[in-house]
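A.B. asks: My questions will all concern the structure given below.
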Amino acid sequence: MLIGRKQLTAVARRWHPRATTATRAMTSTPRPRPTFLLLGDSLTEFAADPAQQGWVCRLQHEYVRTADLVNRGLSGYNTRWFLDVAWPVISQELKTKWSPVLVTLWFGANDAALPSGVDAGEYVPLDEYARNIESIITKMLEAAPNAHVIVLTPPPVDDAVRLTLVTDSALLDRSDAHVKDYAARCLEIAQRFQSTARVTGIDMRKVVQDAAARSDQSFASLFCDGLHFSDAGNELVTQELLATIRTVVPHLAPERLVWQLPDWETLCVKTRAMTSSPPPRRPTFLLLGDSLTQFAANPEQQGWMCLLQHDYVRSVDWVNRGLSGYNTRWFLDVAWPVILQELKTQWSPVLVTLWLGANDAALPSGSAAGQHVPLDEFERNIDAIITKTLEAAPNAHLIVLTAPPVDDAARSALLTNGELLDRSDASVNKYAARCLEVVQRFKSTSRVTGVDMHKVVHDAAAGSDKGVASLLCDGLHFSDAGNKLVAQELLATIRTAVPNLAPECLAWQFPDWKTMLAPTK
C-alpha cells in the first residue's frame with residue numbers, strides 16, 4: 000500500500016525486518032498457521048501490553064503473517080493454581096481447538112514469594128514447585144505431541160526496588176536470594192527431559208543478570224518495578240526467545256516460516272486461487288484486512304490490535320488476517336478459500352472486523368495501479384465478502400470499516416524518479432462512501448455495523464494544525480495517535496453494537512489469583 004516498489008520495500012522491511020523472498024512466496028497448498036502457546040503468570044500476561052513493548056507483542060509482530068500466538072498468561076498464578084484451575088481447561092482446548100508447535104512455560108516468580116512476606120498466599124514450597132513444573136512439562140508433552148516446550152526460569156528480583164514499594168509496615172514480598180533457588184531447580188527439571196529432545200530450558204535469571212551487568216543502570220534498566228519487565232527488558236526477552244527458537248527449532252524462526260498467504264506483489268503478476276463443563280472456550284475475534292490490519296500488530300507504532308489485545312488479554316483470542324497490499328479481488332480469490340477452511344475447522348469467531356478498500360482505491364494511472372479495483376467491482380466484492388463471512392461465521396457480528404483518508408501532500412512527498420501519485424483522498428472518499436452503502440444493505444440482519452473511518456479520522460484531525468498528518472505516519476498508515484484513535488473507535492462501536500463483547504462485560508476464562516487465597520470449602 001505504498002508508493003512505488005522502492006518505498007514499498009523500505010516500509011515492508013521496517014515492519015518485517017527479516018522478511019525474505021522465501022517467506023513471502025506464494026504456496027500452492029496453504030496450510031493452517033502454526034500455533035504458539037504461551038503459558039505463565041504475569042510475566043506472560045503483561046507481555047501483551049504495547050505500552051511496555053511487551054515481548055508477546057514483539058513476537059506477534061514478527062510472526063503476524065506466519066503463526067498465531069495464544070496467550071495464556073495468568074497474573075498472580077503459581078504452579079499449584081495452574082495445575083488445579085487452568086490446566087483442565089487448557090487441556091480441553093488442546094484436544095479441540097489447536098495443536099501448538101511451540102509452547103513457552105514461564106512459572107516460578109509467584110511460587111518464590113517469601114513464605115513470611117506480604118504475598119505469602121502465592122508461595123509454593125521449593126520441592127512442590129519442582130514436582131509441579133515436572134508435571135506441567137509431562138502433561139504438555141503428552142497433550143501437545145507436536146510441540147517443542149521452552150521452559151524459562153524466573154528472572155531476578157530487584158530487592159532495592161521492591162523495598163521502595165513496601166508501605167504501612169508491610170513485609171517484603173520477594174527476595175532475589177529466594178528466587179535464585181527456584182530458578183536453579185527449574186533448570187534441573189528441564190534437564191531431566193533432555194532425552195526427549197523436545198524441552199529446552201532458558202536461564203532467564205542469568206540472561207537478565209548478564210544484560211544488567213552490561214548496563215550502567217543495572218536492573219533498573221530492565222524492570223519497571225523490580226519484578227516486571229520494562230521496554231528494554233521485554234526486548235531482551237524477545238531476543239533471547241528468538242535466539243533459542245533459531246537454535247533448537249530453527250524451522251520455526253520467523254524468517255524460515257512461509258507466509259500462509261502470498262505477498263500482494265506476486266498477485267500483480269498473476270492471481271491464483273488456492274484451496275485448501277469446564278469454563279467455556281475464549282471467544283475469538285477475527286481481523287480481516289490489508290496493511291491497516293497487518294501493521295496493527297506492531298507495538299512500535301502502538302498498533303490498534305496491540306492496544307485492544309491488551310484490553311482483552313484474559314478474555315479473548317485475537318486472530319490477525321491482515322494482508323498488506325491486498326485488495327478485495329485478491330482477498331476473495333486467494334485469501335478467502337484458506338480463511339473459509341480455517342472457519343470450518345479451527346475457530347468460530349464472535350466478532351469480525353473487515354477493513355479493505357485502501358488498495359482498491361489506488362489511482363488507476365498511479366504508481367500502485369496494479370492494486371486498483373474499479374469502484375463497482377469493489378462494491379460487489381465487499382458485498383460478497385460480507386455475505387460469505389455472515390454465512391461462514393454464523394455467531395459473529397461483523398464490523399466493516401471504510402478506508403481512512405489519505406494525506407495527498409505526504410504521499411506526494413514520497414515520490415521519487417518521476418513516480419506518479421499512488422492515491423488521492425478524493426478517490427478514497429468515493430470508496431469509503433460506497434462501502435457504507437453496501438453495509439446499509441445488511442441492516443436487516445442486525446449483524447453488520449459500519450464505521451466511517453474516513454469521517455472519524457477527518458473529524459479527529461480537525462482540531463490539529465497538522466490535519467490528518469497528526470494521525471498518519473506516511474500519509475496512509477497510522478501513527479501512534481492514529482492507532483489509539485482506531486482502538487477507541489472500535490471499542491466505542493463494540494460497546495454500542497455488541498455490548499456483551501465489551502472488555503468489561505466479558506468474564507475472565509480463569510479466575511483472578513486472589514480468589515485462590517480464599518479458604519476452600
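Numbering (numbering that gives the first Met the number 0), first residue to last: 0 to 520. Ideal placement from N, C-alpha and C gives every residue a C-beta, glycine not left out. None of the values given here were measured: they were computed from a predicted structure.
(1) Nearest to residue 521 by CA position, among 97, 138, 77, is which residue?
(2) Please state the DSSP three-state secondary structure of residue 512.
(3) Skipping 5 residues on each side, what residues in its chain have a beta carbon closer than 6 Å to that of residue 529?
(4) For the alpha helix (DSSP H) that contains residue 422, what are its first and last residues?
(5) Could you check where the alpha helix (DSSP H) with residue 163 kicks off and where it finishes?
(6) Can residue 469 and residue 461 be called in contact, C-beta distance under 8 Å?
(7) Using CA coordinates, which residue listed in 142, 172, 159 is at the minimum distance from residue 119?
(8) Using the rule of at least 16 other Cβ atoms within 10 Å of the residue's Cβ for burial, across every protein chain shown, is residue 261 buried or exposed?
(9) If I measure Cβ to Cβ from residue 452 and keep anything under 6 Å in the same chain, skipping five residues before and after, which residues do I get?
(10) Which one of 463, 456, 236 has the shortest CA to CA distance from residue 57?
(11) Return the CA-CA distance between residue 459 and residue 395, expressed in angstroms with no decimal places.
(12) Drop a sphere of 10 angstroms on the beta-carbon of residue 49, count the other beta-carbons inside from all chains shown, and report buried for 16 or more, exposed for fewer.
(13) Which two residues bound the contiguous alpha helix (DSSP H) that contains residue 152?
(14) By DSSP, does residue 288 sit in helix, in strand, or in coil?
(15) What does the Cβ neighbour count give for residue 194, buried or exposed, with the cut at 16 atoms within 10 Å?
(16) Under the three-state reduction of DSSP, which class applies to residue 441: helix, strand or coil?
(17) Identify every run of the beta strand (DSSP E) within the stretch 38-112, keeping only runs that are complete inside it and at least 3 residues long; order them along the chain.
(18) Please check the pair residue 99 and residue 46, which I expect to be a contact at CB under 8 Å, by giving their CB distance rounded to whole angstroms.
(19) Just checking my contact of residue 300 with residue 463 at CB under 8 Å: how many whole Å lie between their CB atoms?
(20) Taking the beta carbon of residue 507 as the centre, do at least 16 other beta carbons fall within 10 Å, making it buried, or is it exposed?
(21) Taking the C-alpha atoms as reference points, what is the distance between residue 516 and residue 122?
(22) Please go through the stretch 379-412 and give each complete alpha helix (DSSP H) segment of 4 or more residues, from N-terminal end onward.
(23) Just how far apart, CA to CA, sit residue 178 and residue 41?
(24) Which two residues bound the contiguous beta strand (DSSP E) that contains residue 484?
(25) Is the stretch 241-250 close to the stretch 302-313, with three or more CB pairs under 8 Å?
(26) Which value, in whole angstroms, describes the spacing of the CA atoms of residue 316 and residue 438?
(27) Any chance the stretch 130-140 sits against the stretch 74-90, with 3 or more Cβ pairs inside 8 Å?
(28) Report all residues from its chain with a CB closer than 8 Å to the CB of residue 201; omit the five preceding and five following residues, and keep chain order.
(29) Report the start-end ranges of each alpha helix (DSSP H) in the stretch 430-475 that is 4 residues or longer and not cut off at the edges.
(30) With H, G and I counted as helix, E and B as strand and the rest as coil, what does DSSP make of residue 166?
(31) Considering only residues of the same chain and omitting the five flanking positions on each side of residue 541, which have a CB-CB separation below 7 Å?
(32) For a test of your reading of the model: does the CB of residue 254 fall under 7 Å from any non-hydrogen atom of the ligand SAM? Yes or no.
(33) Answer with buried or exposed for residue 524, where buried requires no fewer than 16 other C-beta atoms within 10 angstroms of its C-beta.
(34) If I follow the unbroken alpha helix (DSSP H) through residue 243, where does it start and stop?
C.D. replies: This is what the structure holds:
(1) Absent from the structure is residue 521, since the part of the chain shown begins at 0 and ends at 520.
(2) As a working note, residue 512 is residue 513 in the sequence shown. DSSP, reduced to helix, strand and coil, places residue 512 within a helical segment of the structure shown.
(3) No answer is possible for residue 529: it lies beyond the span of the chain, which begins at 0 and ends at 520.
(4) Sequence index remark: in the sequence shown, residue 422 carries index 423 (1-based). It is not in any alpha helix (DSSP H) - residue 422 carries neither H nor E in the DSSP assignment.
(5) Translated into positions along the sequence shown, residue 163 becomes position 164. From DSSP, the alpha helix (DSSP H) with residue 163 extends over 158-163.
(6) On the sequence shown, residue 469 is found 470 positions in, with the first residue counted as 1. On the sequence shown, residue 461 is found 462 positions in, with the first residue counted as 1. Residue 469 is not a Cβ neighbour of residue 461, given a cutoff of 8 Å.
(7) In the sequence shown, counting from the first residue as 1, residue 119 sits at position 120. In terms of Cα proximity to residue 119, the closest of 142, 172, 159 is 172.
(8) As a first step, residue 261 is located in the sequence shown; it is residue number 262 there, counting from the start. Sixteen is the threshold: when 16 or more other Cβ atoms of the shown chains lie within 10 Å of the Cβ of residue 261, as they do, the residue is buried.
(9) One-based indexing of the sequence shown puts residue 452 at position 453. Answer for residue 452: 400, 401, 403, listed in chain order.
(10) The count along the sequence shown starts at 1 and reaches residue 57 at position 58. Of the listed residues, the one whose Cα sits closest to residue 57 is 236.
(11) Counting from 1 along the sequence shown, the entry for residue 459 is found at position 460. Counting from 1 along the sequence shown, the entry for residue 395 is found at position 396. Going by C-alpha positions, residue 459 is about 29 Å away from residue 395.
(12) Within the sequence shown, the letter at position 50 stands for residue 49. Residue 49 should be labelled buried.
(13) Walking along the sequence shown from the start, residue 152 turns up at place 153. From DSSP, residue 152 is part of no alpha helix (DSSP H); its letter is neither H nor E.
(14) For this step, residue 288 is matched to residue 289 along the sequence shown. Residue 288: strand per DSSP, three-state reduction.
(15) Numbered from its first residue, the sequence shown carries residue 194 at position 195. Exposed is the call here.
(16) Counted from its first residue, the sequence shown places residue 441 at position 442. Note: residue 441 maps to coil in three-state DSSP.
(17) If we require 3 residues or more, the beta strand (DSSP E) runs fully inside the stretch 38-112 come out as 67-72, 101-105.
(18) In the sequence shown, counting from the first residue as 1, residue 99 sits at position 100. In the sequence shown, counting from the first residue as 1, residue 46 sits at position 47. That belief does not hold up - the Cβ atoms of residue 99 and residue 46 are roughly 17 Å apart, past 8 Å.
(19) In the sequence shown, counting from the first residue as 1, residue 300 sits at position 301. In the sequence shown, counting from the first residue as 1, residue 463 sits at position 464. Contact doesn't hold; Cβ gap of about 18 Å is too wide.
(20) For the purposes of this step, residue 507 is identified with residue 508 of the sequence shown, where counting begins at 1. Label assigned to residue 507: exposed.
(21) To locate residue 516, count along the sequence shown from 1; it is residue 517. To locate residue 122, count along the sequence shown from 1; it is residue 123. In a straight line, the C-alpha of residue 516 is about 11 Å away from that of residue 122.
(22) For the stretch 379-412, whole alpha helix (DSSP H) runs of length 4 or above, ordered along the chain, are 407-412.
(23) Walking along the sequence shown from the start, residue 178 turns up at place 179. Walking along the sequence shown from the start, residue 41 turns up at place 42. Residue 178 and residue 41 have their alpha carbons spaced roughly 16 Å apart.
(24) Here residue 484 corresponds to residue number 485 of the sequence shown, with the count starting at 1. For residue 484, there is no enclosing beta strand (DSSP E); the enclosing alpha helix (DSSP H) has its first and last residue at 479-496.
(25) No, they do not touch.
(26) If you number the sequence shown from 1, residue 316 lands on position 317. If you number the sequence shown from 1, residue 438 lands on position 439. The straight-line gap from Cα to Cα measures roughly 26 Å.
(27) Yes: the two stretches touch, three or more of their Cβ pairs being nearer than 8 Å.
(28) The residue given as residue 201 occupies position 202 in the sequence shown. If we look at residue 201 and ignore the five residues flanking it on each side, its Cβ neighbours are 149, 150, 151, 152, 239, 240, 243.
(29) Those alpha helix (DSSP H) runs which fall completely within the stretch 430-475 and span 4+ residues are 452-460.
(30) Position 167 of the sequence shown holds residue 166. Coil at residue 166, not helix or strand.
(31) Any answer about residue 541 is impossible in this case: the structure gives the chain only from 0 up to 520.
(32) With respect to small molecules bound, the structure shown includes none, and the ligand SAM cannot be examined in it.
(33) As shown, the chain starts at 0 and ends at 520. That puts residue 524 outside it, with no answer to give.
(34) The residue given as residue 243 occupies position 244 in the sequence shown. For residue 243, the enclosing alpha helix (DSSP H) begins and ends at 230-247.
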